[in-house]
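Participant: First the structure, then my questions, so here it is.
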Amino acid sequence: MPYPLETSQQLSAVLRALRQSRQLTQAELGEQLGVNQKRIARIEAAPGVTSFDQISRLVALMGHRLVLEELPAAEPAPTAAPKAPGDNPW
Numbered sequence: 891m892p893y894p895l896e897t898s899q900q901l902s903a904v905l906r907a908l909r910q911s912r913q914l915t916q917a918e919l920g921e922q923l924g925v926n927q928k929r930i931a932r933i934e935a936a937p938g939v940t941s942f943d944q945i946s947r948l949v950a951l952m953g954h955r956l957v958l959e960e961l962p963a964a965e966p967a968p969t970a971a972p973k974a975p976g977d978n979p980w
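Shown next as structure tokens:
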């Protein structure tokens, strides 16, 4: 199941939910990752300041992977209406 993320707060919630769905404590997950429970708590609380390597290893330990997905092309912004001859731009 994909988990589209746009903020570190969303990543925080997903990391916590993945760990809990695996019925792992922070200490158990930390042991598997080679860090202590406090480090897992900090990663879950502030993933935006955690290295990509550590986040990707943590996600992989929980049976998932990180994927970049191309966003659909946005519609071009409307252009300004053409100016009438003699209009003063100032």
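Positions 891 to 980 (our numbering) are the ones given, in order, by the sequence shown.
The beta-carbon is built from N, C-alpha and C at its ideal position, and this holds for glycine as well.
Source: prediction; values computed, not measured.
Go ahead and label R955 buried or exposed: buried means 16 or more other beta carbons lie within 10 angstroms of its beta carbon, across all protein chains shown.
Facilitator: Against the sequence shown, residue 955 aligns to sequence position 65. R955 is exposed by the Cβ-count criterion.
Participant: Could you say which of Y893, R909, T915, A935 lies nearest to S902 if we only look at CA atoms?
Facilitator: Here residue 902 refers to the residue found at position 12 of the sequence shown. Of Y893, R909, T915, A935, the residue nearest in Cα terms is A935.
Participant: Hey, could you find the ends of the alpha helix (DSSP H) Q944 is sitting in?
Facilitator: Locating residue 944 in the sequence shown gives position 54, counting from the first residue. From DSSP, the alpha helix (DSSP H) with Q944 extends over 942–951.
Participant: Between L948 and T969, what straight-line distance do the alpha-carbon atoms span, to the nearest angstrom?
Facilitator: Here residue 948 refers to the residue found at position 58 when the sequence shown is read from its first residue. Here residue 969 refers to the residue found at position 79 when the sequence shown is read from its first residue. Between L948 and T969, the C-alpha separation is close to 46 Å.
Participant: Whole angstroms are fine: how far does the CA of A917 sit from the CA of I930?
Facilitator: Your numbering for residue 930 matches position 40 in the sequence shown. Your numbering for residue 917 matches position 27 in the sequence shown. Each residue's Cα considered, the two are about 8 Å apart.
Participant: Return the chain-ordered list of same chain residues with a C-beta closer than 6 Å to the C-beta of S898, the five sequence neighbours on each side being excluded.
Facilitator: If you number the sequence shown from 1, residue 898 lands on position 8. The residues are P937, G938.
Participant: Going straight from the alpha carbon of L908 to that of T940, what length do you get?
Facilitator: Counted from its first residue, the sequence shown places residue 908 at position 18. Counted from its first residue, the sequence shown places residue 940 at position 50. Each residue's Cα considered, the two are about 17 Å apart.
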